[in-house]
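A quick write-up on the structure given underneath.
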Amino acid sequence: MANTPQAKKRARQNEARFQVNKARRSRIRTFLRKAEEAIEAGDKDAAAAAVRALQPELMRGVSKGVFHKNTAARKMSRLSARVKAIA
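Numbering (the working numbering), first residue to last: -6 to 80.
Here you go:
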């Protein structure tokens, strides 16, 4: 356990940041799941709309430091390709 005042404050800050990042990650995963479900259902319009809604959320996660830029780009690329492949 933290002993110094500085270490105690860092522990409080770390817990607060963890909670905020956890909420952000959860929100992004929800958008991802909706996109995945639309793709699995084979509904191209719904899938395209879900991917368009996901993109700003992913980018916000990148700018807030929750995801790495390349991770978000890879996810968007793969999802876009899957949407495009829907007949």
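By construction, the Cβ of each residue, glycine as well, lies at the ideal position given by its N, Cα and C atoms.
Please report the residue range of the alpha helix (DSSP H) in which I21 lies.
P(-2) to A34 is the extent of the alpha helix (DSSP H) around I21.
Under 9 Å, do F24 and A43 count as touching if we go by C-beta distance?
For the 9 Å CB-CB criterion, F24 and A43 form a contact.
What residues in its chain sit with their C-beta under 8 Å from that of G54, if we drop five residues either side in the sequence?
Excluding sequence neighbours, G54 sits near R17, R18, I21, F60 and A65.
Where S56 and R45 are concerned, what is the direct C-alpha to C-alpha distance, given to the nearest angstrom?
Going from the Cα of S56 to the Cα of R45 covers about 18 Å.
Quick one: using the 10 Å Cβ neighbour count with 16 as the cut-off for buried, is V13 buried or exposed?
The residue in question, V13, is exposed, as its Cβ has fewer than 16 Cβ neighbours within 10 Å.
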